[in-house]
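> In full-length UniProt numbering, the protein residues as written are 1 to 86.
Even glycine gets a Cβ: it sits at the ideal position worked out from N, Cα and C.
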């Protein structure tokens with residue numbers, strides 16, 4: 001009978017470890033859900049005003065560009081049809 005109780009206690013302890021892991025995962029998921037709900041509540045607030053970001057403009061053409069025709073090619077690999085153009 002004592003042996004059965006020890007086995008039962010071992011099983012209970014294993015289940016407790018699993019349950020502890022499940023509780024930890026549930027707490028993490030709850031934190032994520034709570035933060036998502038907070039963000040949603042902020043968006044649904046009548047006083048909320050979205051801030052608009054300015055899009056970056058085009059960079060001015062660099063000096064030393066080849067007569068302003070297209071982009072300047074660096075020291076990398078030449079295009080495939082470079083032999084035909086030369």
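Give me, in chain order, the residues of the same chain whose beta-carbon lies closer than 7 Å to that of residue 22; leave out the 5 immediate sequence neighbours on both sides.
none
> Please look up how many angstroms separate the CB atoms of residue 48 and residue 42, rounded, as I've assumed it's under 8 Å.
6 Å
> Cα separation between residue 8 and residue 20?
18 Å
> Could you check what DSSP says for residue 74 in three-state terms: helix, strand or coil?
coil
> May I ask you to report which of helix, strand or coil DSSP gives residue 15?
Three-state DSSP puts residue 15 in a helix.
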